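Position 343 of the sequence shown, counted from 1, bears residue number 343 in UniProt numbering, the numbering being contiguous throughout.
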Amino acid sequence: MEADSEVIYVIFILYSNCYGIAVCYPGATIFRFILVNCNPAPPTNKNNNHEIWPKCHLYHTFFFIFEETFYDAFDYLMMLLKKYIYIYIFFVFVVHVISMHSNKSLNFMCIHFGLVTIKIEDVRLLSADFAAAAVLISFGAVLGKTNPTQLIIMTLIEIPVFAINEVIGRTYLGAADMGDSMFVHAFGAYFGLAVSLALARGDQSTDKEGSTKTSDTFAMIGTVFLWLYWPSFNAGAAVGDDQHRAIINTYVSLAFCCCTAFAVSCLISGEKKFDMVHIQNSTLAGGVAIGTAADMMVQPWGAALTGIVAGVISVCGYEFLTPAIHRLLKIHDTCGVHNLHGMPALLAGIIGCIVAGMAEEDTYGYGLYQLFPHRVPAEDTDKYAEIAAAGMGLDPSDGWTASHQAGMQILALAITMAFALVGGVLTGLVLRLPLWNDMTTTELYEDIKYWKVEDEEEGGHEGIPMEADPSEREKLNTAR
1 MEADSEVIYV
11 IFILYSNCYG
21 IAVCYPGATI
31 FRFILVNCNP
41 APPTNKNNNH
51 EIWPKCHLYH
61 TFFFIFEETF
71 YDAFDYLMML
81 LKKYIYIYIF
91 FVFVVHVISM
101 HSNKSLNFMC
111 IHFGLVTIKI
121 EDVRLLSADF
131 AAAAVLISFG
141 AVLGKTNPTQ
151 LIIMTLIEIP
161 VFAINEVIGR
171 TYLGAADMGD
181 SMFVHAFGAY
191 FGLAVSLALA
201 RGDQSTDKEG
211 STKTSDTFAM
221 IGTVFLWLYW
231 PSFNAGAAVG
241 DDQHRAIINT
251 YVSLAFCCCT
261 AFAVSCLISG
271 EKKFDMVHIQ
281 NSTLAGGVAI
291 GTAADMMVQP
301 WGAALTGIVA
311 GVISVCGYEF
321 LTPAIHRLLK
331 IHDTCGVHNL
341 HGMPALLAGI
351 IGCIVAGMAE
361 EDTYGYGLYQ
371 LFPHRVPAED
381 TDKYAEIAAA
391 GMGLDPSDGW
401 TASHQAGMQI
411 LALAITMAFA
421 LVGGVLTGLV
431 LRLPLWNDMT
441 TTELYEDIKY
451 WKVEDEEEGG
461 HEGIPMEADP
471 SEREKLNTAR
């Protein structure tokens, strides 16, 4: 425990010093980072803080709710583990903060290093929250089997890999992924599963993996919040017509996924009853599955079909695939991230490829080129002159065809999977080093090593007294 605390202190001091030196408000310059912009499409109004800040606040709230509720896999949520609740506080607060600040720097430094301060802006805060979400998803696969030091080390390795992959996918490949299903959900899920594979141990399944009816109920409340907020998650970074489509598509997909999850859960249950694990998680899979194509014209029937398929594969994944993967590949997925994030995100990438391959100007109008910037014609063409005359404010680009864009979409998904799996395995091997891999069987899924925990049989910690003691009651009665 002392070693864990020392690591946290050292990282905090380093971050504090770097932050004070290299971060400023827009305008001041000390260091220069010659970087590739991960979000190359320029905003229509560079000073629309009145529009961006509510989104930033919404995302920040969303991710904290998000991490509280989705950690549920094969009969247990992270919040539902009988003796592994307090670690959630460390997990969300500390790791989320480290992820955010690391990503703000690394989104600048992915390619070249030079001399300019990192400008902390509201848009960068949103990007940092997305990066933190990827890390938190990854942790869902290894919770209960890793100590705080390992979680921090995993964060510091994963964030650079995440940033490099996102730069390649968005900037060089020009892939569209409005809901970040590929770059956040797929990357986070398979990075975590790869780490879990590298950390595999024979004692990782114990009787401490369980939940109570009360904690299940609280987690279900979080699921309802997620269901309500997911359209904002998928649509928040979009503008204009794209944002409207993203909201509608996400809502339709979630609605049909929810109904499907309930139906399939009852259908595959031997007792023909609903399983809380399925309802807490699989009802949300439609939001992940529609993410990549959320702002595209998938049509309402396409969004509905996406939600139905996502609900089926997610529920069946919890019921059949998770135990099979554990049995055959020794991958222990504590929170079932493969079923809520992994497989639905792969579905999202495939749907995004198909819809992008069908996108034409006849359907989208000039909005096609805002959605796919690399499809803007070259500067010396008549078509670009026509688009420029329409006042779209688009820079000339490569003039990709629909099939070329579709190919880049699927290539971005493949590269994301490669980065996630290879990076995850290498990270897991680092975490296996005896220097910090010190958890014994009795310490798995336990708060007690890192937190002051009272005996559960004695009623927990001392809280605010709800009733006066007898002597005080006597004084009160006398006074009356």
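Quick reminder that beta carbons are idealized off the backbone N, C-alpha and C, glycines included. Just so you know, these numbers come straight off a predicted model, no measurement behind them.
Query, Result
"Assigned secondary structure, Ser232 (DSSP; H/G/I helix, E/B strand, else coil)", "helix"
"CA nearest to the CA of Ile308, picked from Asp241, Met182, Phe256", "Phe256"
"Any alpha helix (DSSP H) of 4 or more consecutive residues that is wholly inside the stretch 131-197", "148-167"
"Nearest to Thr283 (by Cα), restricted to the options Met182, Ala237, Ser314, Leu328", "Ser314"
"Proximity to Ala348 [Cα-Cα], best of Ser397, Gly423, Val184", "Val184"
"Pair within 7 Å by beta-carbon distance, Ile415 and Leu197", "no"
"Segment contact flag, the stretch 342-358 with the stretch 148-165, C-beta cutoff 8 Å, min 3 pairs", "no"
"Alpha carbon of Arg375 to alpha carbon of Pro396, nearest angstrom", "9 Å"
"Cys374 - containing alpha helix (DSSP H), residue span", "Before going further, note that residue 374 is His rather than Cys in the sequence given. Run containing His374: none; DSSP gives neither H nor E here."
"Residue 495 to Leu156 span [Cα, whole Å]", "Any question about residue 495 goes unanswered here, given that the chain covers just 1 to 480."
"Beta-carbon proximity check, Phe233 vs Ala420, cutoff 7 Å", "no"
"6 Å CB neighbourhood of Val425 in its chain, flanking five on each side removed", "Ala194, Ala198"
"Short Cβ contact (7 Å threshold) for Asn249 with Ala310", "no"
"Beta-carbon proximity check, Gly188 vs Ser138, cutoff 7 Å", "yes"
"Start-to-end residues for the alpha helix (DSSP H) that takes in Phe256", "240-268"
"Stretch pair the stretch 397-417 + the stretch 355-375: three plus CB contacts closer than 8 Å", "yes"
"For Ala261 and Ile279, believed in contact at Cβ under 8 Å, the rounded distance", "7 Å"
"Cβ-Cβ distance between Leu254 and Gly291 below 7 Å", "no"
"C-beta contact flag for Asp180 and Phe130 at 7 Å", "yes"
"Cα-Cα separation between Val224 and Gly352, rounded to whole angstroms", "26 Å"
"Cβ pair Val337, Ala200 closer than 7 Å", "no"
"Under 7 Å between C-beta atoms of Gly390 and Tyr366", "Residue identity check: residue 390 is Ala in the sequence provided, not Gly. Cβ atoms of Ala390 and Tyr366: closer than 7 Å."
"Spatially closest choice to Ala293 from Leu371, Gly317, Asp333, by CA coordinates", "Leu371"
"Straight-line Cα distance separating Leu143 from Cys335", "8 Å"
"Pro323, buried or exposed, once every other Cβ within 10 Å from all chains shown has been counted against 16", "exposed"
"Own chain, CB closer than 7 Å to Asp275, minus 5 neighbours either side, in chain order", "Ser265, Ser269"
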